[in-house]
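Take a look at the structure below.
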Amino acid sequence: DTGVSQNPRHKITKRGQNVTFRCDPISEHNRLYWYRQTLGQGPEFLTYFQNEAQLEKSRLLSDRFSAERPKGSFSTLEIQRTEQGDSAMYLCASSSTGIAFFGQGTRLTVV
Amino acid sequence: AQTVTQSQPEMSVQEAETVTLSCTYDTSESDYYLFWYKQPPSRQMILVIRQEAYKQQNATENRFSVNFQKAAKSFSLKISDSQLGDAAMYFCAYSLGDFGNEKLTFGTGTRLTIIP
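Written out as structure tokens, the structure reads:
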């Protein structure tokens, strides 16, 4: 197992387009988290899952954002009608015992 | 709501010396977990150390140790014998739940530079 994997690593999209990111967690981890990080800031929580159940969503997560974790395995984060303010690094993490292992992130640039 | 504050945006230290990074937090909970994460320029976040609030003993991991002051809500990280590979952004974080496996609340980070 090579850790948490995120794809794509970079995404450039035009304003108004939809984008989808994928996260493959460490296989035995039942918790999966999404965070957003802008330059010079700490990561901000977006949402997290325990197995396939979405347990919490941040108020930061507008209706344009949706996340899924079918069958409790990989997860996808979709942003509809992207805006320039969505430009950020999107980080995924997984855990089973409270130690979160992070992926390398997907850098989104909205032009 | 819980908040985490890191008041040192940047710190530098001479190689082989010791440096302390500061963190304060605010919470009304009595049981929680505190973490220091390191984010090197490659941007993958790595756990440095974890502290359970119910434990009075300060956590240590090799050259890394914490000074946990629960009453003062302070959680500083000491790096001894600094090495070039320690250069990174360091984030203090807070969590609740079993083993601290709920969401992490992060501070704004401290950029640590190691001077050869």
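Residue numbers (this note's numbering), protein chains in the order written: chain A, 3 to 113; chain B, 1493 to 1608. C-beta: ideal position from N, C-alpha, C; glycine also.
Can you pull the chain B residues whose beta carbon is under 7 Å from the beta carbon of residue i, in chain order?
i: Arg-33(A); result: Asn-1593
i: Glu-58(A); result: Lys-1595
i: Ser-97(A); result: Asn-1593
i: Gly-87(A); result: Chain B residues near Gly-87(A): none, gap ~19 Å exceeds 7 Å.
Contact criterion: CB-CB distance below 8 Å. Does residue i meet it with respect to chain A?
i: Ser-1534(B); result: yes
i: Phe-1560(B); result: no
i: Phe-1583(B); result: yes
i: Asp-1590(B); result: yes
i: Leu-1539(B); result: yes
Using a Cβ-Cβ distance under 8 Å, would residue i count as near chain B?
i: Tyr-92(A); result: no
i: Gln-19(A); result: no
i: Pro-27(A); result: no
i: Phe-104(A); result: yes
i: Gly-74(A); result: no
Give me the chain A residues within the contact set of residue i, using Cβ-Cβ distance strictly less than 9 Å, ordered along the chain.
i: Met-1503(B); result: Those within 9 Å of Met-1503(B) in chain A number zero; the least Cβ separation is about 15 Å.
i: Leu-1569(B); result: Here the premise fails: no neighbours, minimum Cβ distance about 15 Å.
Does DSSP put residue i in a helix, a strand or coil?
i: Gln-1561(B); result: strand
i: Lys-73(A); result: helix
i: Leu-1576(B); result: helix
i: Gln-1549(B); result: coil
i: Gln-82(A); result: coil
For residue i, go through chain B and note every residue whose CB falls closer than 9 Å to its CB, in chain order.
i: Phe-47(A); result: Lys-1595, Leu-1596, Thr-1597 and Phe-1598
i: Gln-82(A); result: None at all; the shortest Cβ gap to chain B is about 23 Å.
Please list, in chain order, the chain A residues whose beta carbon lies closer than 7 Å to that of residue i.
i: Tyr-1525(B); result: Gly-100
i: Gly-1577(B); result: By Cβ distance, chain A contributes nothing, its closest Cβ being about 18 Å from Gly-1577(B), past 7 Å.
How many whole angstroms separate the CB atoms of residue i and residue j, which I take to be in contact at a CB cut-off of 8 Å?
i: Gln-1494(B); j: Tyr-1517(B); result: 7 Å
i: Arg-83(A); j: Gly-18(A); result: 6 Å
i: Gln-8(A); j: Thr-108(A); result: 5 Å
i: Val-1496(B); j: Gly-1589(B); result: Not a contact, Cβ separation roughly 16 Å.
i: Ala-1585(B); j: Leu-1596(B); result: 4 Å
i: Glu-1509(B); j: Ser-1574(B); result: 6 Å
i: Val-1511(B); j: Leu-1604(B); result: 7 Å
i: Ala-95(A); j: Val-6(A); result: 6 Å
Below 8 Å on C-beta distance, what does residue i contact in chain A?
i: Arg-1542(B); result: Gly-100 and Ile-101
| request: Could you name each continuous beta strand (DSSP E) segment of 3 residues or more that falls completely within the region 7–52 of chain A, going from the start of the chain to the end? | output: 7–9, 12–15, 21–26, 33–39 and 46–52
| message | Quick check on the DSSP output: what are the complete beta strand (DSSP E) runs of length 3 or more inside the region 1508–1541 of chain B, in order along the chain? | response | 1511–1513, 1516–1518 and 1525–1531
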